[in-house]
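Some notes on the structure that comes next.
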């Protein structure tokens, strides 16, 4: 089974997001493998260990993303590919095009990714890649079972579970609950450096300028409004209810 | 000069950090609750379970040679790991390691002692200190009289860690009364069944030490570890191992404490302002940060020299342990002060650490013996001032 996993390097969820000059400050920030992608990597490794084959982790990101790729290799992935857009203004469309340019010539049975990335939360890249490769896709899966040339997946639908049978090759995106990602093992860490890691640039992939142009533009970043202290209603119960309704209508404007 | 970590070092550090964060720190509340209720804070079984979980991720036998299934990490990686492990009150170490001197076992002894220790099937203790001989270990009195193909051991050892649950002891006894610490001390591997007994001594934290009593304990000749009369060299090499480790734990503990102090300083409001805006608190935080940084680099430098094998007379390791152990005692005191009333409660791990880190100035070389080593190395010219290796 040849498996490719799409991975993104993201902000550590413990980090505080700071905005300066209309961009997010990255100095001194810890980065991690996007947690949803970690589920995808774990699933890929488990499947490979069970049925054999190879796991390749692919990312679009800066030079530093090599670190997260090495972590995936230390977890047990076999190969990694780093596509560095080198200062290109990249949105989900650009990234999907870069990934497709790499994947279209590869032999694959299964593509996995995270449901979304915890930084931008767009949840678009994997879906776009599947569309462009013209293969089936199911998002937010919580269970994956292989059955010959088919897969049976369970999908989280707002508290209910949808069971879907899909022909391979297909793309699935991981939701929390799919598995419990492993820690990189000590022998794995020691071996990670020796595993193959291919580095590519847009120039290597022969993409036209048009394909690489971002279709969206971020105009500004702003933090959500700071949470204010709550208010405790006073008076007897009738009075409190009256006050609350009035405040909901006049101040909160939700009624 | 290069102060950065290699990719592997960084990944190991990050992995252990996550392990501590996800698997160990969540157990702290339960440990504190058990402690308040007078129960054992965390059982040996629980620690073993955690070690097996770590084993699954290949963290096992980190200092054990590869031929015995270990990872054989050097002093630098070991120190980075120990710094992370110092960040929790959970007394966890990775399993699968044996005391360094057990590698002096002969083939027969290896099967009986070394391998079972690596596999976690047997526990052992290191019995050197006596009521009348601690830092001056050359003065030990325990006698080992030859009787046929056996030695008969008589005497008492004290403050022996792990003795209450050990299956065998590495015991240092005098086989030549003339030579004593200069060629007359031998190390014996002594099974509990051979007849030694222990009396536990409770200390100011959970650390249990024991006095170990030998009354006519007969030990077969083949249980000599290493060579007859060469026990003191073994004892020294065992002791040295611990110095950098205590320094590393001190740094890790102090870093976690400082994090707690910063959180408290930002969130606790007094007289209308977070207490972190008062200079008294700021200075405590600043001093702690500066001292932690100094200790961290001293400890890492000692590890680096140990890795290169060039720490003359253990000068750097002694300095690192002395400074770091004292540093963490100052830091825990300040951090407890910053927490005020909360700091002395058993709801928080601070008072516990306050008791735990005090022993770092005592065991594996007291402050005084370390200063003696450091000064003598300088006075006798064994170490050059200002040299960077």
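Chains as they are written, first to last, in our numbering: chain A, 320 to 574; chain B, 21 to 409. Positions of the beta carbon are idealized from the N, C-alpha and C atoms, including for glycine. All figures in this text were calculated on a predicted structure; none of them were measured in a lab.
Exercise. Look at the alpha carbon of residue 186 of chain B and the alpha carbon of residue 463 of chain A, and state the distance between them as a whole number of angstroms.
Key: Reading the second chain from its first residue, position 166 is the one you call residue 186 of chain B. Reading the first chain from its first residue, position 144 is the one you call residue 463 of chain A. Residue 186 of chain B and residue 463 of chain A have their C-alpha atoms some 48 Å from each other.
Quiz item: Name the chain A residues that come within less than 7 Å of residue 78 of chain B, Cβ to Cβ?
Solution: The residue labelled residue 78 of chain B in the question sits at position 58 within the second chain. The answer, in chain order, is 504, 505, 506, 507.
Exercise. Answer yes if the region 267–280 of chain B comes into contact with the region 343–352 of chain B, meaning at least three C-beta pairs across the two stretches below 8 Å, and no otherwise.
Key: yes
Quiz item: Whose C-alpha, out of A/422, A/343, A/349, is nearest the C-alpha of residue 333 of chain A?
Solution: One-based indexing of the first chain puts residue 333 of chain A at position 14. When only C-alpha atoms are compared, the closest one is A/349.
Self-check item: residue 377 of chain B: first and last residue of the uninterrupted alpha helix (DSSP H) it sits in
Solution: If you number the second chain from 1, residue 377 of chain B lands on position 357. First-last for residue 377 of chain B: undefined, no H or E at that position.
Quiz item: Should residue 358 of chain A go down as buried or exposed, given a rule of 16 or more other Cβ atoms within 10 Å for buried?
Solution: In the first chain, residue 358 of chain A corresponds to position 39, counting from 1. Its Cβ being crowded by 16 or more others within 10 Å, residue 358 of chain A is buried.
Practice problem: Just grab the DSSP bridge partners of residue 145 of chain B for me. | Solution: Within the second chain, the letter at position 125 stands for residue 145 of chain B. Bridge partners of residue 145 of chain B: B/189.
Self-check item: Limits of the unbroken alpha helix (DSSP H) element including residue 184 of chain B
Solution: On the second chain, position 164 is the one that residue 184 of chain B refers to. Per DSSP, residue 184 of chain B belongs to no alpha helix (DSSP H) and is neither H nor E.
Practice problem: Out of B/109, B/119, B/107, B/38, state which residue places its alpha-carbon closest to the alpha-carbon of residue 79 of chain B. | Solution: The residue labelled residue 79 of chain B in the question sits at position 59 within the second chain. Closest option to residue 79 of chain B, Cα to Cα, is B/38.
Practice problem: Between the Cα of residue 218 of chain B and those of B/205, B/234, B/210, spot the shortest distance and give me the residue it belongs to. | Solution: The count along the second chain starts at 1 and reaches residue 218 of chain B at position 198. The option with the nearest alpha carbon to residue 218 of chain B is B/234.
Self-check item: Residue burial classification, residue 359 of chain B (beta-carbon count within 10 angstroms, cutoff 16)
Solution: For the purposes of this step, residue 359 of chain B is taken as residue 339 along the second chain, with counting starting at 1. Classification for residue 359 of chain B: buried.
Quiz item: Would you call the CB atoms of residue 134 of chain B and residue 145 of chain B closer than 8 Å?
Solution: Position 114 of the second chain, counting from 1, holds the residue named residue 134 of chain B. Position 125 of the second chain, counting from 1, holds the residue named residue 145 of chain B. Not in contact: residue 134 of chain B and residue 145 of chain B (Cβ atoms no closer than 8 Å).
Quiz item: Between the region 270–304 of chain B and chain A, which residues of the former have CB atoms less than 9 Å from a CB of the latter, in chain order?
Solution: Of all residues in the region 270–304 of chain B, none has a C-beta nearer than 9 Å to a C-beta of chain A.
Quiz item: How many angstroms separate the CA atom of residue 249 of chain B from the CA atom of residue 236 of chain B?
Solution: Taking the first residue of the second chain as 1, we reach residue 249 of chain B at position 229. Taking the first residue of the second chain as 1, we reach residue 236 of chain B at position 216. Residue 249 of chain B and residue 236 of chain B: Cα-Cα distance of roughly 20 Å.
Quiz item: Does the pairing of the region 512–531 of chain A with the region 392–411 of chain A give three or more beta-carbon distances under 8 Å?
Solution: yes
Exercise. Please report how far the alpha carbon of residue 342 of chain B lies from the alpha carbon of residue 289 of chain B, in whole angstroms.
Key: Residue 342 of chain B sits at position 322 when you count from the first residue of the second chain. Residue 289 of chain B sits at position 269 when you count from the first residue of the second chain. Their backbone Cα atoms lie some 36 Å apart in a straight line.
Self-check item: Continuous alpha helix (DSSP H) stretch holding residue 420 of chain A: start and end
Solution: Taking the first chain and counting its residues from 1, one reaches residue 420 of chain A at position 101. Its alpha helix (DSSP H) spans residues 411–422.
Quiz item: With distances taken between CB atoms, is the gap from residue 493 of chain A to residue 393 of chain A smaller than 8 Å?
Solution: Here residue 493 of chain A refers to the residue found at position 174 when the first chain is read from its first residue. Here residue 393 of chain A refers to the residue found at position 74 when the first chain is read from its first residue. Going by C-beta atoms, residue 493 of chain A is not nearer than 8 Å to residue 393 of chain A.
Practice problem: Kindly indicate which residue of B/103, B/87, B/86 has the alpha-carbon position closest to the one of residue 317 of chain B. | Solution: By one-based count along the second chain, residue 317 of chain B stands at place 297. Cα-wise, what sits closest to residue 317 of chain B is B/103.
Exercise. Check whether the Cβ of residue 512 of chain A lies closer than 8 Å to any Cβ atom in chain B.
Key: Here residue 512 of chain A corresponds to residue number 193 of the first chain, with the count starting at 1. Contacts with chain B at 8 Å (Cβ-Cβ) include residue 512 of chain A.
Quiz item: Given residue 324 of chain B, which residues of its chain have a CB within under 8 Å of its CB, disregarding the five upstream and five downstream residues?
Solution: As a working mapping, residue 324 of chain B is identified with position 304 in the second chain. The residues are 95, 96.
Quiz prompt | Nearest-angstrom Cβ-Cβ length linking residue 456 of chain A and residue 489 of chain A, presumed shorter than 8 Å | solution = Walking along the first chain from the start, residue 456 of chain A turns up at place 137. Walking along the first chain from the start, residue 489 of chain A turns up at place 170. The Cβ separation is near 6 Å, so the contact holds.
Quiz item: Going by C-alpha distance, which of B/329, B/295, B/339, B/242 is nearest residue 267 of chain B?
Solution: Residue numbering aside, residue 267 of chain B sits at position 247 when the second chain is read from its first letter. Of B/329, B/295, B/339, B/242, the residue nearest in Cα terms is B/339.
Quiz item: In chain order, what residues of the region 88–122 of chain B put their CB closer than 7 Å to some CB of chain A?
Solution: 91
Quiz prompt | Helix, strand or coil at residue 342 of chain A according to DSSP, with G and I counted as helix | solution = For this step, residue 342 of chain A is matched to residue 23 along the first chain. In this structure, residue 342 of chain A counts as strand in the three-state DSSP scheme.
Exercise. Kindly confirm or deny that the region 224–231 of chain B and the region 375–391 of chain B touch, where touching means at least three C-beta pairs closer than 8 Å.
Key: Pairwise C-beta distances place the region 224–231 of chain B in contact with the region 375–391 of chain B, as three or more of them are shorter than 8 Å.
Quiz item: Between which two residues does the alpha helix (DSSP H) carrying residue 367 of chain A extend?
Solution: In the first chain, the residue the question calls residue 367 of chain A occupies position 48. 354–370 is the span of the alpha helix (DSSP H), which, as asked, contains residue 367 of chain A.
Self-check item: DSSP beta-bridge partners of residue 239 of chain B
Solution: For this step, residue 239 of chain B is matched to residue 219 along the second chain. Note: residue 239 of chain B sits in a beta bridge opposite B/171.
Self-check item: C-beta contact flag for residue 254 of chain B and residue 355 of chain B at 8 Å
Solution: Translated into the one-based positions of the second chain, residue 254 of chain B becomes position 234. Translated into the one-based positions of the second chain, residue 355 of chain B becomes position 335. It is not a contact, given that the beta carbons lie outside the stated cut-off.
Quiz prompt | Backbone CA spacing between residue 231 of chain B and residue 386 of chain B [nearest angstrom] | solution = The residue you call residue 231 of chain B lines up with position 211 of the second chain. The residue you call residue 386 of chain B lines up with position 366 of the second chain. Each residue's alpha carbon lies about 19 Å from the other.
Quiz prompt | Expected contact under 8 Å - CB spacing of residue 264 of chain B and residue 326 of chain B to nearest Å | solution = Taking the second chain and counting its residues from 1, the one referred to as residue 264 of chain B is at position 244. Taking the second chain and counting its residues from 1, the one referred to as residue 326 of chain B is at position 306. Confirmed, Cβ separation roughly 6 Å.
Quiz item: residue 208 of chain B by DSSP, collapsed to three states: which one?
Solution: Your numbering for residue 208 of chain B matches position 188 in the second chain. It is a strand residue.
Quiz item: Whole-angstrom Cβ separation of residue 47 of chain B and residue 110 of chain B, contact assumed at under 8 Å?
Solution: Numbered from 1 along the second chain, position 27 holds the residue referred to as residue 47 of chain B. Numbered from 1 along the second chain, position 90 holds the residue referred to as residue 110 of chain B. Contact annotation, residue 47 of chain B with residue 110 of chain B: C-beta distance approximately 5 Å; criterion of less than 8 Å satisfied.
Quiz item: Who are the neighbours of residue 39 of chain B on chain C, taking C-beta pairs under 7 Å?
Solution: Protein chains A and B are contained in the structure displayed, whereas chain C is not.
Quiz item: Straight-line CA distance for residue 401 of chain B to residue 336 of chain B?
Solution: As a working note, residue 401 of chain B is residue 381 in the second chain. As a working note, residue 336 of chain B is residue 316 in the second chain. Going by the C-alpha atoms only, they are around 15 Å apart.
Practice problem: Kindly indicate which three-state DSSP category residue 475 of chain A falls into: helix, strand or coil? | Solution: Along the first chain, read from residue 1 onward, the residue named residue 475 of chain A stands at position 156. DSSP places residue 475 of chain A in strand when its eight states are reduced to three.
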